[in-house]
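Quick note: the sequence shown, position 104, residue 115 per the numbering used here, numbers continuous.
As structure tokens, the structure follows; a few thoughts come after it.
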Amino acid sequence: MVNEGRLANEDFLTKVKQFFHIANEKHITVRLTTKRLVVHDPIEGNAEFDATLRPRFDVSQQSQSLQVKNNSSNEYSLLIKMSYGSGGKKTKCSTVVSSNELDKFWQDYSNAVKSGMNGLIKKKKKDKAKGKTHKK
């Protein structure tokens, strides 16, 4: 496994183009993951990780309610991960984007992903076999 680690945003965007170029040549899958970055505090713990004792910090519960209470003034960064291959041949890298850089990064990121997907071939749908109908 090749782990290129956490890269700067500009370096990550160049890697996106490289990953898609390699994936298009080798006909392999590129996996993209985006999630909120919560830095774990090993001493005091994080409210976000303890949904049993602190349910108001549980993001999945807040997303189901119509009104979201502002319980936290924290600004969270975004962790974006990318990988291709599997097993020992897996190559991966990641970057962290702060909330004030997100708009510019997201534009550049979406353009890089779209340009990398031009080599995709539309999947052919198989004809469904007609099922037998049972008369009662």
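For glycine and all other residues, C-beta sits at the position ideal for the given N, C-alpha and C.
Original post:
Where do the ends of the beta strand (DSSP E) carrying Lys28 lie?
Top reply: Residue numbering aside, residue 28 sits at position 17 when the sequence shown is read from its first letter. Boundaries around Lys28 are those of the alpha helix (DSSP H), 20 to 37, since no beta strand (DSSP E) includes it.
Original post:
Which of helix, strand or coil does DSSP assign to Gly16?
Top reply: Sequence index remark: in the sequence shown, residue 16 carries index 5 (1-based). Gly16: strand per DSSP, three-state reduction.
Original post:
Is Ser88 helix, strand or coil when you go by DSSP?
Top reply: What you label residue 88 is simply residue 77 of the sequence shown in a count that begins at 1. It is a strand residue.
Original post:
If Ser88 sits next to Ser109, beta carbons under 8 Å apart, how far is it from one beta carbon to the other, in whole angstroms?
Top reply: Your numbering for residue 88 matches position 77 in the sequence shown. Your numbering for residue 109 matches position 98 in the sequence shown. That pair is a contact at about 5 Å.
Subject >> Endpoints, alpha helix (DSSP H) assigned at Val124 >> reply: Walking along the sequence shown from the start, residue 124 turns up at place 113. Note, Val124: alpha helix (DSSP H), 113 to 127.
**OP:** Would you check if the distance between the CB atom of Thr40 and the CB atom of Lys92 is smaller than 8 Å?
**Re:** In the sequence shown, the residue the question calls residue 40 occupies position 29. In the sequence shown, the residue the question calls residue 92 occupies position 81. Taking 8 Å as the cut-off, the beta carbon of Thr40 is found no closer than this to the beta carbon of Lys92.
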